[in-house]
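Written out below as structure tokens is the structure these notes cover.
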Amino acid sequence: MSVLTRLRQIVQEVASAADLESALEICAERIRDTMKTEVCSIYLLDSNTQRYVLRATEGLNKDAIGKVSLSPTEGIVGQVGTRSEPINLEDASTHPAFLYLKSTGEERYHAFLGVPIIHQRKVFGVLVVQQRDVRRFDESEEAFMVTISAQLAGVIAHAEATGSINPDKNVSGEQSGRPARHFTGVVGSPGVAIGEVRVVSLTADLGSVPDKDVEDIDAELETLDQAIAAVREEISEIAEALATRLRTEEQALFQVYLRMLDDNALVSEIRERIKLGNWAQGALRDVIQSHVREFSMMEDAYLRERAADIRDLGRRVLNCLQEGASGKQQEYPANTILVADELSPAMFGLVPEEQLAGMISISGSGTSHAAILARSMGIPTIMGVVDLPHTRIEGRHVIVDGYSGRVFVDPKDDLLSAYGDILKEELAIAAGLDKLKELPAETTDGHSMPLWVNTGLTADVERSLERGAEGIGLYRTEIPFMIRDFFPSEHEQIETYRRQLELFAPRTVTMRTLDIGGDKALPYFPIEEENPFLGWRGIRVTLDHPEIFLVQVRAMMRASEGLNNLRIMLPMVTSVHEVEAALAQIDQAYRELCEEGFDIRKPPVGIMIEVPAAVYQIGRFASLIDFISVGSNDLTQYLLAVDRNNPRVAGLYASYHPSVLHALQHIAQEAQRVNKQVSICGEMASDPGGALLLMAMGYDVLSMNSNNLPKVKLAIRSISYKDSLALLERVMRMSDTAEIHAALRAALQERGLTQLTRPDLPGEKV
Ligand code: PEP
Ligand code: MG
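All the letters of the sequence shown, read from the start, carry residue numbers 7 to 772 under this note's numbering.
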């Protein structure tokens, strides 16, 4: 067997272990066997005592497990951890750091190889192999150890974070008798929410199916039987339809599928799990996943491939179960915390707005579109909580701390009361901000700063008007496209757009043409790419599909008839020829509408600057367009080369990175030079501190989520334009993002605006 296969097997076995202890045991055993050595031990760093504790061993005295420990300055194990690099010794006993641990019985062993277990820069422990002979482990052995340690680090870190490899256990602190367990992600939308979890899953995605207790077990068994019967029928039909076109061995595959659905095989396992109280979908997930794991570990390539068949079969059954369930009305508690593997705008509508208290997404980050929408709705949301065992927490009580990005499962009373106080404070602050609605967004020395809003849903418009918005700087037209089953017709689009234009008239409404791709998918127009943010996105898609683009701009213009408050904006522009091509189509649509007898004023057309290439061509674009709007969310991801949707690099996504600030200042200066109105509609404009900098840079309009508009207005009304210029000058000299954050925070606090900065949170020094 190749080393690679062996490695994969070990990692899979460890990942499916019942708990951390057995995972470590499997690890030690398999590594010792594979390396044909005498000892393999695992030391993990205890975060409380900061000592490396022996947690598993094959070869040393097992009684020492959990008892023997070393500080980072003790022994060779401590050295491996402290230096974060492997140490390979012919004879450990001659090393100056050697520390003889009597209870382990290690005196017999000479050769020593220790490699650190590191996850996200943090040393979690040390993996050690030892041998009696005096000899050096060779290079390939060292390489194997480094590789396996790197792969296991993620599994072990996850296990430590969740309290267990198997998320069945220890989701909350109460079960393990420890303080409330918390899981960390990144802030999607700030605020605090306390409520009960409801998990929603993507259709036909087994991995995101939650567990749910059932009371009527017989009814659940019946539901399963119906789904299985439907799948059997479906497979037989496909097999029949393809009978003449398939070779015999391919036809045999369908027979295999049907056999798998036999009562004695998979189905009876699923039935057993239902009888233990789980609903059919959860039982199906467990059984399918465990078989998929078994097959993927097989040595035989043919058998390994069968894992895909089982997964496919599982998906088919799930599909039938979900179709059956969709007819039933789901009940949501008064304070629902919506949890999803991948939160999408279409899911928001599942829960009545007044019952939706908070949201949690396992994937995604703070600038994912789901997070942006959550902010505009003012719903505390945490993204990228990768360790949360989301399929196991249906019905649990949680606190969503949308300031620090933490989720507490089954919190105790003291924590509940501390967060309850923050909630009350938030309500009082919101009530105070309501009074600002009629007041102008003007600095203390009379500089006025137009505050517009970003919208996507009709509900956003009403909320924005209540908050005193002066225009719409970005209407994300893809949102109404995303919550449907097929492309809306011209008439349907006219209706949707007209509502935005009418409600806001005579104020300006800036409609962005369809910006799909990246993390915005239409269920009926899938785009599958390796690198979606560098792929077919925004204007690149619509220029390739004039039939979609023309219908959309026609609908926008027809919707504006008699109102004349429309502006059209093009997303993801990189080159002048894209703008020329889009303008030609807008002209064509306008000409046709005039010929058809509509009395429409031609709308101003602008572009978004969100790709670095566009930053340096403002002079060239100027003669073609009427206005410029900066999409700082994308501009930041492209300038910093950080995927805005990837939780693993969320910490690197820095809106206040000096390069981002310099690009934003350059754009404002260039726009002024070519005499074009320049606005910004990225999330930075929604941040009170960021808004002050953007005002000082010379932006003509700040467009933000409606929820933050009162906060930004309060910040602007509390500072003089002169002081904002001085703040900008100071910040532009700084080279560290954290320093910039601190300066903005201090500027708000000096003006008595502590309510605009993050509150002090329980258990955390801010
Ligand atoms: C942006 O990129 O800043 C922007 C406003 O567009 P979106 O967030 O919809 O990509
Ligand atoms: Mg964008």
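Every residue, glycine too, gets a C-beta built ideally from N, C-alpha and C.
All values reported here derive from a predicted model rather than from experimental measurement.
#1: Give the C-beta separation of tyrosine 596 and methionine 563 to the nearest angstrom, bearing in mind that I take them to be a contact with Cβ-Cβ under 8 Å.
#2: For leucine 105, does the count of other Cβ atoms within 10 angstroms reach 16, so buried, or fall short, so exposed?
#3: Quick one: grab the DSSP three-state call for glutamine 56.
#4: Any idea what DSSP makes of threonine 760, helix, strand or coil?
#5: At a cut of 8 Å, does the region 440-449 reach the region 213-232 through at least three beta carbon pairs?
#6: Quick check on the contact list: which residues have their beta carbon closer than 5 Å to a heavy atom of ligand 2?
#7: Just mark threonine 229 as buried or exposed, buried being the case when its beta carbon has 16 or more other beta carbons within 10 Å.
#8: Just to confirm, does leucine 528 get its C-beta within under 8 Å of one of the non-hydrogen atoms of ligand 1?
#9: State yes or no: is the C-beta of asparagine 67 within less than 9 Å of the C-beta of glycine 131?
#10: Do valine 237 and valine 323 have their C-beta atoms closer together than 9 Å?
#11: Return the residue from the list Asn713, Leu208, Leu133 and Leu667 that minimises the CA-CA distance to arginine 469.
#12: By how many angstroms is the C-alpha of serine 22 removed from the C-alpha of arginine 61?
#13: So, under 8 Å CB-CB, arginine 518 and leucine 480 are touching, yes? Tell me the CB distance rounded to an integer number of Å.
#14: Leaving out five residues before and five after histidine 125 in sequence, what residues of the same chain have Cβ atoms less than 8 Å from its Cβ?
#15: Give me the Cα-Cα distance between arginine 57 and alanine 103, rounded to the nearest whole angstrom.
#16: Leaving aside the five residues before and after lysine 281 along the sequence, list all residues of the same chain whose C-beta is less than 7 Å from its C-beta, in chain order.
#17: What does a CB cutoff of less than 6 Å around threonine 743 pick up in its chain, not counting 5 residues either side in sequence?
#18: What number of angstroms, rounded off, separates the C-alpha of alanine 674 from the C-alpha of asparagine 711?
#19: I'd like to know if the region 542-555 and the region 390-398 are in contact, where contact means that at least 3 CB-CB pairs between them fall below 8 Å.
#20: Taking the beta carbon of asparagine 537 as the centre, do at least 16 other beta carbons fall within 10 Å, making it buried, or is it exposed?
#21: Is proline 577 close to ligand 1? I mean its beta-carbon at under 8 Å from any heavy atom of the ligand.
#22: Out of Asn651, Asp69 and Ala149, which has the shortest C-alpha to C-alpha gap to leucine 774?
#23: Go through its chain and collect everything with a Cβ distance to leucine 439's Cβ below 6 Å, but skip five positions before and after it.
#24: So, under 8 Å CB-CB, leucine 708 and alanine 721 are touching, yes? Tell me the CB distance rounded to an integer number of Å.
#25: Ordered along the chain, which non-local residues of its own chain (more than five positions away) have a Cβ less than 6 Å from that of threonine 5?
#26: So within the region 570-656, which uninterrupted alpha helix (DSSP H) runs reach at least 4 residues, ignoring any that extend past its ends?
#27: Less than 8 Å between the CB of arginine 381 and some heavy atom of ligand 1, yes or no?
#28: Would DSSP call threonine 514 helix, strand or coil?
#29: For glutamine 137, is the classification buried or exposed, using 16 other Cβ atoms within 10 angstroms of its Cβ as the cut-off for buried?
#30: What do you get for lysine 128, buried or exposed, if any count of 16 or more other CB atoms within 10 angstroms of its CB means buried?
#31: From the DSSP secondary-structure annotation, give me the bridge partner or partners of cysteine 33.
#32: Could you name the residues of the same chain whose beta carbon sits closer than 7 Å to that of glycine 504, not counting the 5 residues immediately before and after it, in chain order?
In short, the structure shows the following:
#1: Contact flag correct, Cβ pair sits at about 6 Å.
#2: Note on leucine 105: under 16 other CB atoms within 10 angstroms of its CB, so exposed under the neighbour-count rule.
#3: Glutamine 56 falls in the coil class under three-state DSSP.
#4: The three-state reading of DSSP puts threonine 760 in helix, counting H, G and I together.
#5: With the cut-off at 8 Å, the region 440-449 and the region 213-232 do not touch.
#6: This criterion selects Glu616, Gly637 and Asp640.
#7: Burial call: buried.
#8: Leucine 528 has its CB no nearer than 8 Å to any heavy atom of ligand 1.
#9: The Cβ atoms of asparagine 67 and glycine 131 do not sit closer than 9 Å to each other.
#10: When the beta-carbon positions are compared, valine 237 and valine 323 come within less than 9 Å of each other.
#11: Arginine 469 has its Cα closest to that of Asn713, out of Asn713, Leu208, Leu133 and Leu667.
#12: Each residue's alpha carbon lies about 18 Å from the other.
#13: That belief holds up - the Cβ atoms of arginine 518 and leucine 480 are roughly 6 Å apart, short of 8 Å.
#14: Closer than 8 Å at the Cβ level, and outside the excluded window around histidine 125, lie Ala159, Gly160, Ile162 and Ala163.
#15: So the two alpha carbons sit approximately 16 Å from each other.
#16: Counting only Cβ-Cβ distances below 7 Å, and skipping sequence neighbours, we find Ile223.
#17: Here the set comprises Ala660, Tyr662 and His663.
#18: In a straight line, the C-alpha of alanine 674 is about 21 Å away from that of asparagine 711.
#19: Flag = no, the region 542-555 and the region 390-398 do not touch.
#20: By the 16-neighbour rule on beta-carbons within 10 angstroms, asparagine 537 is exposed.
#21: Under cutoff, so the answer is yes.
#22: No statement about residue 774 is possible, as the shown extent of the chain runs from 7 to 772 and does not include it.
#23: These residues qualify, in order along the chain: Pro716.
#24: Rounded, the Cβ-Cβ distance is 11 Å, inconsistent with contact.
#25: For the chain, the structure presents residues 7 to 772; residue 5 sits outside this window and is missing.
#26: Here the runs fully enclosed are 582-601, 618-621, 624-628 and 638-646.
#27: Not so, every heavy atom of ligand 1 lies at least 8 Å from the Cβ.
#28: In the structure shown, threonine 514 sits in coil (DSSP, three-state: anything other than H, G, I, E or B).
#29: Glutamine 137 is buried by the Cβ-count criterion.
#30: That one is exposed.
#31: Bridge partners of cysteine 33: none, in fact.
#32: The sequence as given places arginine at residue 504; glycine does not occur at that position. Cβ within range, chain order: Ala565.
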